[in-house]
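**Student:** Could you have a look at this structure, given as structure tokens, before my questions?
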Amino acid sequence: MSERIAQDLLALLGTGRQSRRYEDLDMDAAYAIVARIADLREARGERPVGRKIGFTNTAIWPRYGVTGPMWNFLFDTTVQDLADLDAGFEIAGLAEPRIEPEIVLHLGSAPRPDMDEDELLGCIDWIAHGFEIVQSVFPGWKLTCAEAAAAFGLHGALLLGARHDIAADRAAWGRMLTSFPVLLLRDGEVRDAGHARQVLGGPLASLRFLVTEIARRPGSAPLAAGEIVTTGTLTDAQPVRPGETWTTELDGIPVRGLRLAIR
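Put into structure tokens, the structure is as follows:
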């Protein structure tokens with residue numbers, strides 16, 4: 000059954016088409032599908048470059064009917080720099096796309112599940128602010144956490160802002176990563192506000208969840224040096240449509256806000 004679901008879901012990728020529900024799916028089966036889809040994508044030439052964590056923002060759990068996070072892989076085909084998008088981002092081929100402001104971590108060394116947050120911080124060499132464009136192959140964003148994990152972790156694209164080397168003052172960056180607020184704006188109007196603490200207590204706490212969750216499942220590939228990890232949305236995800244311009248404003252951290260035109 001997992002093979003059939005994996006094949007069915009992969010056939011939807013990039014088409015904008017949607018799927019019937021798999022409401023009986025549990026997390027063990029979902030992660031078996033995650034692994035199988037990753038194998039199939041690698042076989043067709045896509046290269047895994049990291050992981051995305053979803054549903055880390057505890058403030059939005061009641062809106063989606065979930066009670067915890069999940070993860071999936073990121074591939075080179077869906078990750079790009081915002082600086083390369085002069086004409087904006089094309090959302091055709093995504094199902095019910097939404098936008099999320101996130102903090103992205105780059106691993107200079109491989110983390111271990113026995114590490115605390117300070118030790119995990121030592122594994123990170125740079126951070127970036129980014130937009131994740133998420134999608135739902137299940138109509139109306141009606142889904143379980145297991146369905147979300149299986150269906151690409153809801154991932155559509157990751158658009159990266161400037162990299163910030165944190166090696167010179169990791170302690171200061173560690174403090175700032177748990178203490179900054181963010182605004183998400185559409186065409187200059189605030190659509191939502193969030194805070195780093197809402198992401199399981201901060202991006203480092205999200206990373207710790209991921210490392211621990213992967214270790215709990217022996218079939219899951221451990222995180223390696225060179226991977227990027229996008230740690231979850233700082234606000235609720237907002238629907239996007241062509242013609243809109245989305246921006247962010249951050250305070251209390253030396254990271255510039257982002258700007259993205261949607262096509």
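Just so you know, the sequence shown maps onto residues 0 to 262 in numbering that gives the first Met the number 0. Built from N, CA and C at the ideal position, the CB exists for glycine as well.
Determine the DSSP secondary structure at Gly107, reduced to helix, strand or coil.
**Tutor:** Gly107 falls in the coil class under three-state DSSP.
**Student:** Let me know the secondary structure DSSP gives Asp191 once reduced to three states.
**Tutor:** Looking at Asp191 - three-state DSSP - the assignment turns out to be strand.
**Student:** Using C-beta distances below 7 Å, list every residue in its chain close to Ser1, excluding the 5 sequence neighbours before and after it, in chain order.
**Tutor:** Around Ser1: Ala28, Ala31, Ile32, Arg35.
**Student:** In chain order, what residues of the same chain have a beta carbon less than 7 Å from the beta carbon of Ile213, not counting five sequence neighbours either side?
**Tutor:** Closer than 7 Å at the Cβ level, and outside the excluded window around Ile213, lie Ser219, Pro221, Leu222.
**Student:** For the region 56-90, list the beta strand (DSSP E) runs that are entirely contained and at least 3 residues long, ordered along the chain.
**Tutor:** Taking only runs of at least 3 residues, the beta strand (DSSP E) segments lying wholly in the region 56-90 are 69-74, 78-80.
**Student:** Three Cβ pairs or more, each shorter than 8 Å: is that satisfied between the region 177-189 and the region 147-163?
**Tutor:** No, the region 177-189 is not in contact with the region 147-163.
**Student:** Indicate the three-state DSSP secondary structure (helix, strand or coil) for Thr246 in the structure shown.
**Tutor:** Reduced to three states, the DSSP call for Thr246 is strand.
**Student:** Run through DSSP, which three-state label would Val133 get?
**Tutor:** Reduced to three states, the DSSP call for Val133 is strand.
**Student:** Count the other CB atoms, across all protein chains shown, that sit within 10 Å of the CB of Arg97; report buried if there are 16 or more and exposed otherwise.
**Tutor:** Buried, since its Cβ has 16 or more Cβ neighbours within 10 Å.
**Student:** I'd like to confirm the pairing. Which residues does DSSP put opposite Ile261 in its beta bridges?
**Tutor:** According to DSSP, Ile261 bridges with Phe88.
**Student:** Given this structure, state the Cα-to-Cα distance separating Pro202 from Ala195, to the nearest angstrom.
**Tutor:** Those two C-alpha atoms are separated by around 7 Å.
**Student:** Within 8 Å, do at least three Cβ pairs link the region 58-66 to the region 245-255?
**Tutor:** Contact between the region 245-255 and the region 58-66 is absent, because fewer than three Cβ pairs lie under 8 Å.
**Student:** Tell me where the alpha helix (DSSP H) around Thr229 begins and ends.
**Tutor:** Here Thr229 belongs to no alpha helix (DSSP H); instead the beta strand (DSSP E) covers 227-229.
**Student:** Using a 10 Å radius around the Cβ and a threshold of 16 neighbouring Cβ atoms, would you call Asp191 buried or exposed?
**Tutor:** Buried, by the Cβ-count rule.
**Student:** Which residue wins for smallest C-alpha separation from Val133, given the options Pro238, Leu11, Leu8?
**Tutor:** The option with the nearest alpha carbon to Val133 is Pro238.
**Student:** Out of Thr177, Gln197, Asp85, point me to the one whose CA is closest to Met262's CA.
**Tutor:** Checking the sequence shown, residue 262 turns out to be Arg, not Met. Ranking the options by Cα distance to Arg262, first place goes to Asp85.
**Student:** Among all the DSSP beta bridges, which residues are the ones paired with Lys141?
**Tutor:** Answer by DSSP bridge pairing: none, since Lys141 is not bridged.
**Student:** How many whole angstroms separate the CB atoms of Gly53 and Glu226, which I take to be in contact at a CB cut-off of 8 Å?
**Tutor:** Actually they are not in contact, since the Cβ atoms of Gly53 and Glu226 sit about 16 Å apart, beyond 8 Å.
**Student:** Would you please state the rounded distance, in angstroms, between the beta carbons of Phe130 and Leu259? I believe it to be under 8 Å.
**Tutor:** Contact holds; Cβ gap of about 6 Å.
**Student:** Spell out the partners DSSP gives Pro241 in its beta bridges.
**Tutor:** Per DSSP, none; premise fails for Pro241.
**Student:** By how many angstroms is the C-alpha of Ala5 removed from the C-alpha of Ala149?
**Tutor:** Roughly 8 Å between the two C-alpha positions.
**Student:** Which one of Leu142, Ala109, Val103, Met114 has the shortest CA to CA distance from Trp125?
**Tutor:** Cα-wise, what sits closest to Trp125 is Val103.
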